[in-house]
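J.: This is the structure I want to talk about, given as structure tokens.
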Amino acid sequence: MDKIVITCAVTGAETTRQHNPNLPVTPEQIADAACDARRAGAAVVHLHVRDENEKPTQDLKVFRKAMELIRKKSDIVIEVTTGGAVGMTPEERLQPVKLEPEMASLDCGTVNFGDEYIVNTLPIMREFASQMKRHGVRPTLECFDLSHVYASHVLIKEGLVEPPFHYGLVMNVPGGVRYEPDVLELFVRKLPAGAFWTVMGIGGRASVLAHYGAVALGGFIRVGFEDNVYYSKGVLAQSNTQLVERAVRVAREAGLEPAQPGDVRKLLKLRGA
Ligand code: ZN
Numbered sequence: 006m007d008k009i010v011i012t013c014a015v016t017g018a019e020t021t022r023q024h025n026p027n028l029p030v031t032p033e034q035i036a037d038a039a040c041d042a043r044r045a046g047a048a049v050v051h052l053h054v055r056d057e058n059e060k061p062t063q064d065l066k067v068f069r070k071a072m073e074l075i076r077k078k079s080d081i082v083i084e085v086t087t088g089g090a091v092g093m094t095p096e097e098r099l100q101p102v103k104l105e106p107e108m109a110s111l112d113c114g115t116v117n118f119g120d121e122y123i124v125n126t127l128p129i130m131r132e133f134a135s136q137m138k139r140h141g142v143r144p145t146l147e148c149f150d151l152s153h154v155y156a157s158h159v160l161i162k163e164g165l166v167e168p169p170f171h172y173g174l175v176m177n178v179p180g181g182v183r184y185e186p187d188v189l190e191l192f193v194r195k196l197p198a199g200a201f202w203t204v205m206g207i208g209g210r211a212s213v214l215a216h217y218g219a220v221a222l223g224g225f226i227r228v229g230f231e232d233n234v235y236y237s238k239g240v241l242a243q244s245n246t247q248l249v250e251r252a253v254r255v256a257r258e259a260g261l262e263p264a265q266p267g268d269v270r271k272l273l274k275l276r277g278a
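Convert by adding 5 to the 1-based position in the sequence shown; the result is the number in this note's numbering.
Quick look at the structure:
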């Protein structure tokens, strides 16, 4: 394919306005950021929402509002988080799948997260996968470690996740694998045949290096304030859009055009295709 899918994770759970004052936090701001990212070349928005105190929430009302605002103004594909935030219960995290978004993230294992941790046992993952299957939601199988890739094979073998497969390779979370080209290559070699994958390098330098890793190895790119609030060392990004624009430039230098939402719907056989 001579196109590359760019996902923009506009808000995330752990980033605050103290990290970057331009972080979108209200449903209106998040929807505007998603629409701007789409105009800049992103085809997918990875969606987290915040409550009135700017704290991460999996509340259905807030998700519904953000999704409605986005859909009113844009054809961008919506991928909701089920990773949620540190400290949330699995039941809480799974809620937005009920809104039947086209895509949702599905964490494929337990991971340390700085001094904290996020628990994903196999029974939790099975429940998430079967709920997504029931609601016709395409999972993005998020792997923070090589063992998570193997855990995804279990879900596939049990028929809980069906092709086409889409992976999210999360690199440089403090506690997960580092972004290193040979590690990315190993990750990719262990994915099922024909799987699509998006790499996310967490933190400024890893984020940009991961763009090149994705281009070199035939994957997709994720950018956005969830992963990185800087444009360059010590310089805060002005907006999510600015980060999407750079990903588009990197892709175009390699002869790749940003995929449109319609391309993603066809490629990943999403409900809206
Ligand atoms: Zn997320």
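Heads up, the beta-carbon is just placed ideally off N, CA and C, and yes, glycines get one too.
The model shown is predicted, which means the values in this text are computed figures rather than measured ones.
If we count Cβ pairs, one from each stretch, closer than 8 angstroms, do we get three or more for the segment 202-209 versus the segment 161-173?
T.: yes
J.: With DSSP collapsed to three states, give me the class of Thr-167.
T.: One detail in the question is off: residue 167 reads as Glu in this sequence, not Thr. Collapsing the DSSP output to three states places Glu-167 in coil.
J.: Is His-158 near ligand 1, in the sense that its beta carbon is under 8 angstroms from a heavy atom of that ligand?
T.: no
J.: Strictly closer than 7 angstroms from CB to any heavy atom of ligand 1: give me those residues in the order they appear in the chain.
T.: Ala-14, Gly-17, Ala-18, His-51, His-53, Thr-86, Gly-88, Ser-110 and Glu-231
J.: Report yes if the C-beta distance between Ile-9 and Phe-225 is below 9 angstroms; otherwise report no.
T.: yes
J.: If you draw a straight line from the alpha carbon of Ala-278 to that of Val-253, how long is it in whole angstroms?
T.: 24 angstroms
J.: For Pro-144, report the span of its beta strand (DSSP E) as first-last.
T.: 143-148
J.: From the DSSP output, in three-state form, read off Asn-117 for me.
T.: Correct three-state label for Asn-117: strand.
J.: Kindly indicate which residue of Val-220, Leu-248 and Asp-112 has the alpha-carbon position closest to the one of Asp-232.
T.: Leu-248
J.: So if DSSP puts Tyr-172 in a beta bridge, which residue, or which two residues, is it bridged to?
T.: Leu-146 and Trp-202
J.: Write down the C-beta distance between Ala-39 and Thr-246 rounded to the nearest angstrom, noting that I regard them as a contact closer than 8 angstroms.
T.: About 10 angstroms; that fails the 8 angstroms criterion.
J.: Thinking C-beta only, is Gly-229 closer than 9 angstroms to Met-17?
T.: What sits at residue 17 in the sequence shown is Gly, not Met. In this structure, Gly-229 lies closer than 9 angstroms to Gly-17 by Cβ.
J.: Who are the Cβ neighbours of Arg-143 in its own chain at under 6 angstroms, not counting the five residues just before and after it?
T.: The answer, listed in chain order, is Met-108, Leu-273 and Leu-275.
J.: So what does Asp-297 bridge to, in DSSP terms?
T.: With the chain covering 6 to 278 only, the question about residue 297 has no answer from this structure.
J.: Roughly how many angstroms separate the alpha carbons of Val-240 and Ala-156, rounded to a whole number?
T.: 38 angstroms
J.: Would you mind working out which of Ser-244, Lys-77, Arg-76 and Met-72 sits nearest Thr-86, comparing C-alpha positions?
T.: Met-72
J.: Would you check whether ligand 3 has a heavy atom nearer than 8 angstroms to the C-beta of Thr-94?
T.: The ligand content of the structure shown is limited to ligand 1, which means ligand 3 is not among them.
J.: Could you tell me the boundaries of the alpha helix (DSSP H) in which Ser-79 lies?
T.: Run containing Ser-79: none; DSSP gives neither H nor E here.
J.: Would you call the CB atoms of Tyr-184 and Ile-207 closer than 9 angstroms?
T.: Yes, the pair counts as a contact, with Cβ atoms nearer than the cut-off.
J.: State the CB to CB distance for the pair Ile-83 and Leu-111, rounded to an integer number of angstroms; the pair is presumed to be in contact (CB under 8 angstroms).
T.: Their Cβ separation, rounded to whole angstroms, is 15 angstroms, which puts Ile-83 and Leu-111 out of contact at 8 angstroms.
J.: Just verifying my parser: in three-state terms, what is the DSSP assignment at Leu-104?
T.: helix
J.: So, Gly-88 versus Glu-132, is the Cβ gap smaller than 9 angstroms?
T.: no
J.: Taking the runs of the alpha helix (DSSP H) that are 4 residues or longer, which of them lie wholly in the segment 38-88?
T.: The qualifying runs are 65-78.
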